[in-house]
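Protein chains in written order, with my numbering: chain A, 15 to 555; chain B, 2 to 374. Reading through the structure tokens given below for one structure.
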Amino acid sequence: MNYPVWVTEVGGNFYIALISIFHVYIAHFAIGGGIFLVLTEHYAYRKNDTRLLDYLKLHSKFFALVTLVAGALSGVGIWFVVSLVSPTGISALIRVYVWAWAIEWVLFFVEIIASIAYYSSWNTISRKRHLTIGWIYVVTGILSLAVINGIITFMLTPGEWIETKNITDGFFNPTYKPSLFLRFFICISLAGIYALFTTVTLKDKETRAKLLRYASIWAIVGALMTIPGFRWYFSLLPEGSEEMLLLGGMPIAQNAYDILTFAGVLLIIFLLVPLFIPRKFHWSLTILIAAFALSVFGAAEWIRETIRRPYVIYDYLYGNNLRIDEYENVQRKGGILKNALWVKEKDVLNINAGKDIFRIACRSCHTLNGYNALAPPFGKIEEEYIYAIIGKLKHLRGKMPPLAATEEEKLILAKYLYESGKKISQTEKTGHEVFEKRCTFCHTKDKYNGLYDSFEGEELESIRDSIPILDEMAEEMVPWFGNDDEADLLAKYIHSWYLEKKPSSKKMDKEKKIEEDENNDDDTTEEEESEETDDSEDEEE
Amino acid sequence: MNAIIPAPDQLAIPGPFWLFQVLLVFTFLLHVLTMNALLGGSIIAVVSYFRGKVDKNHQKLAKTIYSYLPTVIATAVSFGVAPLLFVQLIYGQFFYTSSIILGGIWLSVVLFIIFAYYSSYFMKFNHEKKINIAKYVSFSAPILFLIVASIFANNLSILEKPLKWYDLYFKSIESGENPMFHDTIIYLRLTHVLLGAIALTGIWIFLIGYFNRNKDENWSVWAKSYGLKIFLFSTLLNIVAGTLYLMAQPREIMLLFMGKNITLSILFILSLIITGFLLYITYRRKNEKFQKKEMIIITSVFSLLLLFMLIIRHQVRAAYLKDYFKLEALKFESQDGMMALFFIFFLIGTAVVAYIIKTAVFYKQKTENKKKN
């Protein structure tokens with residue numbers, strides 16, 4: 015509301031994710047790779063292994079070229095893109111942590127000078143001095159991770175800072191330690207993975223095989239250690255993150271999680287090749303391994319960015335640059351158009367006002383046709399339906415911030431979104447299609463806001479009869495905007511679920527069991543009864 | 002209509018205002034020194050690269066600049082981070098707005114620098130080889146850096162003109178109108194900066210020549226004289242460009258230099274005197290041998306001139322934003338411990354960098370000398 019909104023059809027958040035993933039993939043290598051170089055250099059001197067030293071000279075040049083240029087600049091790139099997408103967020107981070115950023119800058123500078131000196135002075139200075147420069151690099155690298163980690167984790171779990179506004183509380187926040195642990199081992203793993211790139215080019219077969227095995231040990235140990243790291247980190251995430259991630263509450267995060275697990279397993283499997291049969295290792299596998307690693311660590315960053323929704327700084331600032339404490343003010347003082355600074359159309363009845371509201375309140379995360387696009391889903395549905403959805407944002411999947419708009423503003427926004435929608439005048443042919451169109455904004459079949467349990471045991475007619483009147487049965491439901499044909503198809507589709515085998519989501523069972531245990535503290539009610547209470551409680555919530 | 006100025010952040014600034022202003026100007030001075038060297042250096046290097054095909058002196062100069070350039074870029078980037086941090090801290094509401102108005106163009110800066118950086122590494126490793134492609138790559142760094150310079154000049158010019166923001170923003174998002182060079186004064190600003198960069202590179206080449214006096218005396222004499230010539234001509238041109246730039250300023254800004262603002266006027270006159278002195282000394286002595294003392298005088302007087310220029314620039318910005326920047330709207334709450342920690346890190350960091358440079362550069366020279374003996 016305070017700043018103009020950067021309008022990009024690709025999507026600001028997409029750029030943030032893209033640049034961040036590119037950056038962390040190199041920045042973690044910048045730290046791990048330094049440790050790798052210096053420890054290996056020690057080893058080479060001890061064994062007086064000149065071949066290994068020659069390799070290190072080659073690798074350190076590769077290391078400098080990758081980290082100094084692409085690594086350093088993409089870090090600056092994150093800063094640039096974040097200030098375009100979330101000026102209020104970056105401003106807050108700078109106000110609170112300017113001294114930490116300034117310390118980070120000193121470390122960054124020392125790192126760069128040390129790195130240049132390290133790769134260019136192999137043959138010109140004594141071994142001892144060369145190692146000293148290497149160790150300076152390693153120490154400043156780890157320190158810079160320790161500093162930036164405090165700021166990144168602050169955004170997701172600001173902890174006590176929300177109350178105290180004390181920098182130490184914010185910096186050493188609940189996820190500080192697990193995140194540092196996790197990132198450290200990502201560094202180690204990437205050090206090994208990048209080392210494969212230079213190792214495969216070696217001509218001497220024996221050295222090549224030896225080093226491939228050595229590099230793969232770094233990669234595997236690092237990757238395996240991230241598993242407890244991930245678990246520790248996940249256990250301290252804000253409430254509800256897990257269901258966002260595992261049960262489809264946040265479809266993008268769930269996809270990223272699937273990629274993470276899938277690519278993670280493949281990564282480990284493929285890393286066994288250089289470990290056990292290094293002589294058979296073909297250079298093309300390096301590309302494949304690097305791609306899996308990029309998928310794993312990139313997905314992890316993507317998850318971190320998405321589970322923080324709807325906030326940029328948790329419990330402080332929403333994704334659309336509105337502070338929590340501002341939200342009520344805006345609503346009380348007449349809505350978005352009256353309070354936002356960068357408004358073109360003040361007349362709330364004009365369709366251009368809808369465009370302004372969309373830009374101000376939604377554009378930080380959504381586009382019409384790019385990333386998190388609204389035109390495709392809204393092209394299929396009615397204007398009234400869009401309006402109804404806008405009124406129930408907090409029940410939607412994907413964690414939306416509340417909309418500080420007046421009723422009139424919601425109407426014109428709905429109209430704008432409806433008119434901007436990609437009009438597809440097709441009739442849904444299957445029940446699944448109807449389900450996608452009418453239910454999945456908020457529900458899944460059997461995971462997040464799952465409908466499976468709600469209709470269990472009901473006859474087809476009873477399901478069919480309840481569809482048009484669901485909003486009368488539960489306050490958080492939107493009215494039914496479909497026609498009779500759609501209701502028929504949907505009812506049949508839902509009914510067909512119970513003809514299949516019951517889905518066995520272990521996660522669900524486990525959660526339900528915990529819920530049951532909580533509900534049945536000491537009463538020994540029968541199982542069926544307790545399930546009924548659970549359901550009714552869910553609905554009340 | 003009135004300018005729309007976003008409200009400054011409600012969170013407190015964790016230290017005194019003057020300190021952040023000093024840090025901003027000081028770190029920006031470091032950035033300007035290196036950034037001008039890379040901009041001017043990449044241009045002079047291309048000239049010498051082509052002239053070097055027939056002229057041994059130019060060939061050596063191209064080789065020398067190309068060998069330094071990646072390191073200069075690395076330093077310029079790191080030195081650029083700090084002023085960018087402090088400008089966001091105290092002028093955030095202006096800086097974010099002007100950046101958003103430029104939008105994707107602003108973001109593209111990063112990509113351009115990455116390409117320019119890699120191309121300068123390419124030239125470092127390949128300029129002596131007979132590769133046809135090097136001929137074309139040699140142009141990429143200066144062109145890209147020039148584009149980057151113009152984007153920065155545009156951003157900071159937009160920052161100073163809040164009255165234009167609304168139009169620039171809505172025209173750009175609605176009809177896709179390009180906000181770059183919305184005002185012809187930006188061309189003058191860019192020319193002024195570019196000529197300054199070339200002048201600084203002249204001094205740099207002079208210093209390279211000076212420090213090589215024992216290795217290759219003939220070349221050293223040539224380099225010193227060539228560097229000073231570059232400085233001389235670009236500065237003469239810059240006096241014209243600077244005058245035009247001053248005259249193109251709005252009347253109330255121009256008057257500040259003419260006595261309305263005492264500090265600014267004194268700094269301005271001192272700068273003119275220093276420039277005159279430098280021009281005189283370089284013109285008179287461009288073909289002679291230099292003593293250490295004279296080298297130090299030229300370098301430090303030039304650095305002083307640069308510092309004056311930056312203070313003037315800072316004051317002019319303050320004058321542009323006078324009606325929009327309200328110090329009393331900012332909250333201050335010092336984080337003394339963190340501030341102390343930063344200065345400790347800064348001192349240790351400086352010492353460590355000095356150690357590394359001493360070890361890697363001077364120790365290296367020692368071993369080279371030993372090898373010769």
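For every residue, glycine included, the Cβ atom is placed at its ideal position computed from N, Cα and C.
I'd like the span of the alpha helix (DSSP H) that includes residue i, first residue to last.
i                      : result
residue 326 of chain A : Unbroken run through residue 326 of chain A is the beta strand (DSSP E), 325-327; no alpha helix (DSSP H).
residue 446 of chain A : 445-452
residue 85 of chain B  : 57-103
residue 236 of chain B : 218-248
residue 25 of chain A  : Counting along the chain, residue 25 of chain A falls outside any alpha helix (DSSP H), and DSSP gives it neither H nor E.
residue 15 of chain A  : Taken as a continuous stretch (DSSP letters only), residue 15 of chain A belongs to no alpha helix (DSSP H), as it is neither H nor E.
residue 133 of chain B : 133-160
residue 203 of chain A : 190-213
residue 128 of chain B : Segment: none, residue 128 of chain B is in no alpha helix (DSSP H) and carries neither H nor E.
residue 284 of chain A : 265-290
residue 190 of chain B : 186-212
residue 109 of chain A : 101-134
residue 168 of chain B : 163-176
residue 169 of chain A : 141-170
residue 175 of chain A : 175-178
residue 181 of chain A : 181-185
Kindly identify the DSSP beta-bridge partner or partners of residue i.
i                      : result
residue 10 of chain A  : Outside the shown range of chain A (15 to 555) lies residue 10 of chain A, about which nothing can therefore be said.
residue 14 of chain B  : B/333
residue 387 of chain A : A/381
residue 346 of chain A : Answer is none; residue 346 of chain A lacks a bridge partner.
residue 60 of chain A  : In the DSSP output, where bridge partners are listed per residue, residue 60 of chain A has none listed.
residue 245 of chain A : According to DSSP, which records beta bridges pairwise, residue 245 of chain A is partnered with nothing at all.
residue 337 of chain A : A/331
In terms of alpha-carbon separation, which member of the options lies closest to residue i?
i                      : options                    : result
residue 299 of chain A : A/230, A/318, A/383, A/311 : A/230
residue 42 of chain A  : A/129, A/205, A/114, A/345 : A/205
residue 217 of chain B : B/47, B/50, B/65, B/18     : B/65
residue 87 of chain B  : B/38, B/22, B/153          : B/22
residue 405 of chain A : A/263, A/422, A/100        : A/422
residue 313 of chain A : A/60, A/31, A/67, A/20     : A/31
residue 328 of chain A : A/176, A/271, A/278, A/317 : A/176
residue 118 of chain B : B/72, B/133, B/89, B/103   : B/72
residue 395 of chain A : A/451, A/351, A/343        : A/451
residue 175 of chain B : A/453, A/358, A/27         : A/358
residue 128 of chain B : B/68, B/230, B/355         : B/68
residue 288 of chain A : A/214, A/243, A/278        : A/214
residue 98 of chain A  : A/115, A/66, A/137, A/27   : A/27
residue 381 of chain A : A/219, A/345, A/23         : A/23
residue 459 of chain A : A/497, A/498, A/411, A/492 : A/411
residue 509 of chain A : A/487, A/480, A/286, A/491 : A/480
residue 60 of chain A  : A/488, A/116, A/141        : A/141
residue 378 of chain A : A/326, A/82, A/507         : A/326
residue 559 of chain A : A/76, A/163, A/145, A/116  : A query on residue 559 of chain A cannot be resolved here, the shown segment of chain A reaching from 15 to 555 and no further.
residue 357 of chain B : A/219, A/130, A/454, A/470 : A/130
To the nearest whole angstrom, what separates the beta carbons of residue i and residue j, a pair I think is in contact under 8 Å?
i                      : j                      : result
residue 389 of chain A : residue 424 of chain A : No, residue 389 of chain A and residue 424 of chain A are not in contact; Cβ-Cβ is about 18 Å, not under 8 Å.
residue 338 of chain A : residue 251 of chain A : With 8 Å as the limit, residue 338 of chain A and residue 251 of chain A do not qualify as a contact, their Cβ atoms being about 19 Å apart.
residue 376 of chain A : residue 334 of chain A : 7 Å
residue 119 of chain A : residue 83 of chain B  : 5 Å
residue 123 of chain A : residue 79 of chain B  : 4 Å
residue 111 of chain B : residue 91 of chain A  : 4 Å
residue 209 of chain A : residue 50 of chain A  : 6 Å
residue 596 of chain A : residue 427 of chain A : This structure does not reach residue 596 of chain A, given that chain A is present from 15 up to 555, and the question cannot be answered.
residue 302 of chain B : residue 275 of chain B : 6 Å
residue 16 of chain A  : residue 8 of chain B   : 6 Å
residue 244 of chain B : residue 280 of chain B : That belief does not hold up - the Cβ atoms of residue 244 of chain B and residue 280 of chain B are roughly 15 Å apart, past 8 Å.
residue 273 of chain B : residue 313 of chain B : Rounded, the Cβ-Cβ distance is 11 Å, inconsistent with contact.
Could you work out which residues of chain D lie near residue i, taking near to mean beta carbons separated by less than 8 Å?
i                      : result
residue 115 of chain B : Looking at the structure shown, chain D is missing, and the protein chains on hand are A and B.
Check: Which ranges would you report for the alpha helix (DSSP H) in the region 254-325 of chain B if only whole runs of at least 4 residues count?
Finding: 263-286, 293-321
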